[in-house]
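Colleague: Below is one structure. I have some questions about it.
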Amino acid sequence: MREQQTLGRRIQEGRKAAGLSQESLGERLGVSRQAVSKWEADAAVPELENLIAMSRIFGVTIGALLGVEPPEAPSEGDAPESPGDGAEDAAPAGELTDRELAAVEAIVQKYLEAVQRPRWSRRKKLAAGAAACAAGLLTVLVLNGIFSSLGRRLDQVQDQVNYVQSSVSSQIGSLTGQLSGLLEEQNSLISDYTIQIQDYDLEKAVWYLTASVTPKAYTAGTVATFTARTNTGKTESAQARNDGGVFTVENWAVPMGEPVPPGVMDADDDESGSRVQVSVTLTDGDTSQIESLETLYEDPSAYQLWINGNWEEEWENSCLLFQELDLQISNETDIPLELTDAELALFSNDDAVPVWSAPLTTAMDLWNRQGYVQMHVPMGPEDPVPLHPGDTLVAAVRIADDHGRNDWRPFYYWQNDDGTLVGRVSAPDGWQPGDLIPIENS
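Under my numbering, residues 11 to 452 are what the sequence shown spells out, in order.
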């Protein structure tokens with residue numbers, strides 16, 4: 011059976027055909043680059059208005075974008091919109107043009123036909139098989155071959171029916187959820203809001219947030235108060251300043267709360283973090299209205315310096331002789347982080363004390379000069395390090411930053427598997443000095 015192309019793949023192909031990056035497409039749709047990336051990875055489904063906007067940008071029908079009708083041959087009128095173009099006959103924002111309404115009707119009709127056609131096809135094949143049996147025109151051996159082939163075809167038809175039904179149910183459920191979201195947005199008190207993590211303090215266990223909200227209606231006397239509630243019940247409130255109808259609070263210290271195990275927030279979520287629910291209260295005279303904004307689910311470990319390394323070595327007589335060290339350290343987060351200390355070490359088996367270590371003075375000098383580390387220098391023990399059969403040797407860098415983080419970060423490890431050297435890029439998640447890494451069966 012032909013492989014089914016996903017919605018995410020069609021969005022990716024349409025974006026590339028339009029000559030747009032994920033960030034550029036996100037800007038045109040008013041969403042983040044991460045949102046576009048999730049759509050293309052089929053980790054999320056675009057909202058209805060974004061599907062409509064993308065069909066216009068890519069110059070395709072909604073049905074073609076959803077994969078229920080073949081794409082039309084590109085014409086001058088259907089060419090993808092360029093970043094500066096604007097269609098004079100486009101429908102107002104949030105409304106469908108006559109062409110898009112017709113496309114939606116065609117989508118529904120094609121779904122109905124797709125569900126009905128395989129069933130009629132199955133009946134016809136069964137009737138043909140019964141007629142062939144009744145006529146007795148073929149020998150028992152030929153009939154057996156025909157029925158065997160017919161069974162396989164019926165299985166294929168049933169698979170197609172199941173796929174169409176599943177696809178229809180999934181897309182209808184997705185569109186229902188999006189329509190529900192649009193209704194919620196229509197009944198919302200606000201037209202827009204943003205919540206961003208600006209910084210954090212591990213010692214104080216607080217996040218520093220910047221939050222803003224734009225009410226749909228307000229007066230000169232409207233007061234906006236942001237409130238954060240953690241999963242442990244702690245609350246913190248801050249009154250926002252009014253900047254022409256945009257109510258903003260900056261450098262707002264919010265408790266981190268206790269870490270939540272994976273799967274508690276979402277059964278499909280394999281990450282852990284602290285949960286903070288943010289809401290806003292709009293007060294105008296004696297009237298107050300509260301609206302929930304967002305639930306932050308953040309882990310401080312996600313905001314740390316990035317490290318990557320490789321260590322060239324020679325393997326001889328069950329010993330490792332280390333040569334050139336290739337090491338990169340940088341800040342890939344939106345939070346200001348500074349490297350305060352770095353150390354390189356080798357750990358054997360489950361020993362918590364390294365068999366060799368040295369301060370990374372070159373790395374510190376590079377960071378202080380340019381704000382990142384990219385070095386390729388000779389470094390390592392002068393003498394070969396023995397690695398007996400069954401032994402493991404882990405290379406790790408101790409990273410300390412100005413936010414109170416000071417931990418070992420493994421970047422490579424070697425194992426002697428019955429005389430064969432096996433090198434692996436990274437140690438298991440959560441590795442700490444003293445942890446034993448068992449040899450994996452090749």
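No residue lacks a Cβ here, since even glycine has one placed at the ideal position from N, Cα and C.
None of the values given here were measured: they were computed from a predicted structure.
Report the option in 61, 217, 367 and 267 whose CA atom is closest to the CA atom of residue 395.
Modeller: The candidate whose alpha carbon is nearest that of residue 395 is 367.
Colleague: Identify the residues that DSSP records as bridge partners of residue 352: which are they?
Modeller: According to DSSP, residue 352 bridges with 409.
Colleague: Short check: CB of residue 73 to CB of residue 49, under 8 Å?
Modeller: Contact flag unset, no.
Colleague: Between the Cα of residue 407 and the Cα atoms of 442, 376, 429 and 447, which residue gives the shortest distance?
Modeller: The option with the nearest alpha carbon to residue 407 is 442.
Colleague: If residue 3 sits next to residue 205, beta carbons under 8 Å apart, how far is it from one beta carbon to the other, in whole angstroms?
Modeller: Residue 3 cannot be examined here, being either before or after the span of the chain that is shown, 11 to 452.
Colleague: Would you grab the beta carbon distance between residue 360 and residue 440 for me? Rounded to a whole angstrom, and I think it's under 8 Å.
Modeller: Incorrect: roughly 15 Å between the Cβ atoms, too far for contact.
Colleague: Taking the straight line between their C-alpha atoms, what separation do you get for residue 388 and residue 25?
Modeller: So the two alpha carbons sit approximately 45 Å from each other.
Colleague: In this structure, does DSSP put residue 385 in helix, strand or coil?
Modeller: Residue 385: strand per DSSP, three-state reduction.
Colleague: Under three-state DSSP, which class holds residue 241?
Modeller: Looking at residue 241 - three-state DSSP - the assignment turns out to be coil, as it is neither helix nor strand.
Colleague: Are residue 287 and residue 338 touching if we call contact CB-CB under 8 Å?
Modeller: Against a cut-off of 8 Å, the Cβ pair of residue 338 and residue 287 comes out as no contact.
Colleague: If you run the structure through DSSP and keep just helix, strand and coil, what is residue 375?
Modeller: Helix, per DSSP.
Colleague: May I ask which residues mark the beginning and end of the alpha helix (DSSP H) holding residue 60?
Modeller: Residues 58 to 68.
Colleague: Using three-state DSSP, classify residue 399 as helix, strand or coil.
Modeller: Looking at residue 399 - three-state DSSP - the assignment turns out to be coil, as it is neither helix nor strand.
Colleague: Do you know offhand how far residue 412's Cα is from residue 374's?
Modeller: Their backbone Cα atoms lie some 13 Å apart in a straight line.
Colleague: If you draw a straight line from the C-alpha of residue 404 to the C-alpha of residue 325, how long is it?
Modeller: Going from the Cα of residue 404 to the Cα of residue 325 covers about 15 Å.
Colleague: I need the boundaries of the alpha helix (DSSP H) containing residue 46, first residue and last residue.
Modeller: 43 to 50 is the span of the alpha helix (DSSP H), which, as asked, contains residue 46.
Colleague: When burial is assigned at 16 or more other CB atoms within 10 Å of the CB, is residue 425 buried or exposed?
Modeller: Residue 425 comes out buried.
Colleague: Using only alpha-carbon positions, find the residue among 448, 382, 449 and 354 that is nearest to residue 419.
Modeller: It is 354.
Colleague: Tell me the start and end of each unbroken beta strand (DSSP E) in the region 283 to 340 that is at least 3 residues and wholly inside, in chain order.
Modeller: Counting only runs of 3 or more, we get 283 to 294, 297 to 308, 316 to 326 and 329 to 340.
Colleague: Going along the chain, which residues of its own chain have a beta-carbon closer than 8 Å to the beta-carbon of residue 15, five neighbours each way excluded?
Modeller: Cβ within range, chain order: 77.
Colleague: Could you spell out the range, first to last residue, of the beta strand (DSSP E) harbouring residue 15?
Modeller: Here residue 15 belongs to no beta strand (DSSP E), and DSSP marks it neither H nor E.
Colleague: Does DSSP put residue 175 in a helix, in a strand, or in coil?
Modeller: The answer is helix: DSSP assigns residue 175 an H, G or I state.
Colleague: Take residue 202 as the anchor and find which of 243, 180, 242 and 290 has the nearest alpha-carbon.
Modeller: Here the closest residue by C-alpha is 290.
Colleague: By the three-class DSSP mapping on this structure, what secondary structure does residue 431 have?
Modeller: Three-state result, residue 431: strand.
Colleague: Between residue 365 and residue 356, how many whole angstroms is the CB-CB distance? I'm expecting something under 8 Å.
Modeller: Right, the Cβ-Cβ distance comes to about 5 Å (below 8 Å), so this counts as a contact.
Colleague: Take residue 181 and list the residues in its own chain whose beta-carbon comes closer than 6 Å to its own, dropping the five residues that flank it on each side.
Modeller: Around residue 181: no qualifying Cβ.
Colleague: What span of residues does the alpha helix (DSSP H) with residue 76 cover, start to end?
Modeller: Per DSSP, residue 76 belongs to the alpha helix (DSSP H) from 72 to 76.
Colleague: Near residue 318, which residues of its chain fall below 7 Å by C-beta distance, leaving aside the five closest residues on each side in sequence?
Modeller: Contacts found: 338 and 421.
Colleague: In whole angstroms, what is the alpha-carbon distance linking residue 329 and residue 398?
Modeller: Near 8 Å, if we compare the C-alpha coordinates of residue 398 and residue 329.
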